[in-house]
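Colleague:
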Amino acid sequence: MKTNIQKLEIFFQSMWLDYLALNPDADKIFKLFNPQDNVKNDHIALRTFGLPGIRVEDIAQPLVELGYVEMQSYHFKKKNLRAKHYAHPTMPLIFISELIVESFSIATQSLIKQLVSQIDLSKVSNSDFLYSGRHWNLSTTAYNQLLQESEYAAWVAAFGYRPNHFTVSINDLTQFDGIVAVNDFIKANGFRLNASGGEIKGNADAFLEQSSTMANRIKVEFCDGHLTIPSCFYEFAFRHPLSNGELFKGFVASSADKIFESTNNLVSNENNLERRRPRAA
Ligand code: NI
Numbered sequence: 001m002k003t004n005i006q007k008l009e010i011f012f013q014s015m016w017l018d019y020l021a022l023n024p025d026a027d028k029i030f031k032l033f034n035p036q037d038n039v040k041n042d043h044i045a046l047r048t049f050g051l052p053g054i055r056v057e058d059i060a061q062p063l064v065e066l067g068y069v070e071m072q073s074y075h076f077k078k079k080n081l082r083a084k085h086y087a088h089p090t091m092p093l094i095f096i097s098e099l100i101v102e103s104f105s106i107a108t109q110s111l112i113k114q115l116v117s118q119i120d121l122s123k124v125s126n127s128d129f130l131y132s133g134r135h136w137n138l139s140t141t142a143y144n145q146l147l148q149e150s151e152y153a154a155w156v157a158a159f160g161y162r163p164n165h166f167t168v169s170i171n172d173l174t175q176f177d178g179i180v181a182v183n184d185f186i187k188a189n190g191f192r193l194n195a196s197g198g199e200i201k202g203n204a205d206a207f208l209e210q211s212s213t214m215a216n217r218i219k220v221e222f223c224d225g226h227l228t229i230p231s232c233f234y235e236f237a238f239r240h241p242l243s244n245g246e247l248f249k250g251f252v253a254s255s256a257d258k259i260f261e262s263t264n265n266l267v268s269n270e271n272n273l274e275r276r277r278p279r280a281a
């Protein structure tokens, strides 16, 4: 009989393998660090649609059963997303967001509901659902229709349930003294960082500094052909101590808002203009 910790270790290892398959850059970056660098994972992020049976709380339930605790809620108004983060005494943080489906046009709402109706909801209660991929048929037309209103909706439709990113904990790295050193190292090795809102999101006053690569672009099969689209990215996080001396263990909404753009399709890496707005429903 496996302990909950053993089950969580298997969960993270399975997530990591699924993630590397979609994000070959992460594998390359991970291997750039020396074994002595002590690369540890700060958090992973998951995405879903905010519909009954697959909301944040539904897909988090198997993790709660293994010892994770719900900590804090977030709202990303412009992107029509809400999120929660979950913590465990010894395992990485887990950040789960969902699309606020009712904020979008009727056509988009029905398209998303039609995708979600193909999920066997009895599978949601197993932690392996979180790296089970796509549960629906999807055409390139449907993908592009979603992309018109939400990069996030199109991403979830194309990839389904799997880690959107893993995050290197800069605090645990032995040979880098901060986020600037890590960013310089990543760029010197030929990888591009998400520059939306500046390469470094957050600051010491917010107790959290984050940066991320732009997502890999990979070939994805649809029922009527294939497209080469952004998949997953790698993130780097440096946490500052609170006045009690303990490291800040939450997230900063304004920074996460920009990190979401690491999977944007039409690259607007040099600016942070809002290029698409959801139509009024
Ligand atoms: Ni993150």
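So for the sequence shown, this note's numbering puts the first residue at 1; every next one is plus one.
For each residue, glycine too, the CB sits at the ideal point set by N, CA and C.
From a predicted model like this one, the values you see are computed outputs, not experimental measurements.
Among Ala154, Leu99, Gln175 and Leu93, whose alpha-carbon lies nearest the alpha-carbon of Val64?
Modeller: Among Ala154, Leu99, Gln175 and Leu93, the Cα nearest to that of Val64 belongs to Leu93.
Colleague: Closest by CA to Phe251, which one among Asn244, Gln210 and Asn216?
Modeller: It is Gln210.
Colleague: My output table needs one value for Phe30: the three-state DSSP class, helix, strand or coil.
Modeller: Phe30 falls in the helix class under three-state DSSP.
Colleague: Give me the pocket residues for the ligand GTP, defined as CB within less than 5 angstroms of any heavy atom, sorted by chain position.
Modeller: Here the bound small molecules are the ligand NI; the ligand GTP is not part of this structure.
Colleague: Would you tell me roughly how many angstroms separate the C-alpha atoms of Phe49 and Arg55, rounded to the nearest one?
Modeller: Each residue's alpha carbon lies about 6 angstroms from the other.
Colleague: Would you identify the three-state DSSP class for Ala280, choosing helix, strand or coil?
Modeller: Legend: pLDDT at Ala280 = 43, less than 50; position of this residue unreliable, value from coordinates given subsequently. Coil, per DSSP.
Colleague: Which of the three DSSP states is assigned to Met290 in this structure?
Modeller: The displayed coordinates of the chain run from 1 to 281. Any statement about residue 290 would go beyond what the structure contains.
Colleague: Could you tell me whether the Cβ atoms of Ala83 and Ile96 are closer together than 8 angstroms?
Modeller: Yes, the pair counts as a contact, with Cβ atoms nearer than the cut-off.
Colleague: Could you tell me the distance, in whole angstroms, from the CA atom of Ser243 to the CA atom of Thr90?
Modeller: Taking the straight line from one Cα to the other gives about 22 angstroms.
Colleague: Mind reading off the beta-carbon distance from Phe166 to Asn41? Whole number of angstroms is fine, and I expect it under 8 angstroms.
Modeller: Going by Cβ atoms, the distance from Phe166 to Asn41 rounds to 6 angstroms, so yes, they are a contact pair.
Colleague: When the Cα atoms are used, what is the spatial distance from Ser262 to Ser73?
Modeller: Those two C-alpha atoms are separated by around 21 angstroms.
Colleague: Name the DSSP bridge partner or partners of Glu98?
Modeller: Glu98 pairs with Thr48 and Arg82.
Colleague: At a cut of 8 angstroms, does the region 213-231 reach the region 168-175 through at least three beta carbon pairs?
Modeller: Short answer: they don't touch.
Colleague: I need the straight-line Cα distance from Ser196 to Lys2, nearest angstrom please.
Modeller: Looking at the two C-alpha atoms, the distance is approximately 43 angstroms.
Colleague: Using a Cβ-Cβ cut-off of 8 angstroms (strictly less than) and excluding sequence neighbours within five positions of Asn203, which residues of its own chain qualify?
Modeller: For Asn203, where only same-chain residues beyond five positions count, the Cβ hits under 8 angstroms are Glu209.
Colleague: Quick check: the region 67-81 against the region 117-128, are there 3 or more CB pairs under 8 angstroms?
Modeller: Touching, no, given that fewer than three Cβ pairs across the two stretches are closer than 8 angstroms.
Colleague: Look up Phe222 in the DSSP assignment and say whether it is helix, strand or coil.
Modeller: In the structure shown, Phe222 sits in a strand (DSSP, three-state: E or B).
Colleague: Would the beta-carbon of Ile29 fall within 8 angstroms of that of Ile186?
Modeller: Result yes, Cβ atoms of Ile29 and Ile186 sit closer than 8 angstroms.
Colleague: Hey, quick one: how far does the beta strand (DSSP E) through Leu208 stretch, first residue to last?
Modeller: Looking at the DSSP string, the run of the beta strand (DSSP E) that includes Leu208 is Leu208 to Ser212.
Colleague: Apart from the five residues on each side of it in sequence, which residues of its chain come closer than 6 angstroms, Cβ to Cβ, to Leu146?
Modeller: Only Ala153, Ala154 and Ala157 meet the Cβ criterion.
Colleague: Could you name each continuous alpha helix (DSSP H) segment of 4 residues or more that falls completely within the region 101-187, going from the start of the chain to the end?
Modeller: Within the region 101-187, the complete alpha helix (DSSP H) runs of at least 4 residues are 106-116, 140-149 and 151-159.
Colleague: I need the DSSP call for Leu247, collapsed to helix, strand or coil.
Modeller: In this structure, Leu247 counts as strand in the three-state DSSP scheme.
Colleague: Using CA coordinates, which residue listed in Pro52, Glu102, Leu22 and Phe11 is at the minimum distance from Leu66?
Modeller: Closest by alpha carbon: Phe11.
Colleague: So for Leu22, helix, strand or coil by DSSP?
Modeller: DSSP places Leu22 in helix when its eight states are reduced to three.
Colleague: With 16 as the cutoff for other CB atoms within 10 Å, does Thr108 come out buried or exposed?
Modeller: Buried.
Colleague: Excluding sequence positions up to five away, which residues of its chain have a Cβ less than 7 angstroms from the Cβ of His135?
Modeller: Taken in chain order, the residues that qualify are Gln118, Ile119 and Gly160.
Colleague: For Ala188, count neighbouring C-beta atoms within 10 Å of its own C-beta (all shown protein chains included) and say buried if the count is 16 or more, exposed if not.
Modeller: So Ala188 counts as exposed.
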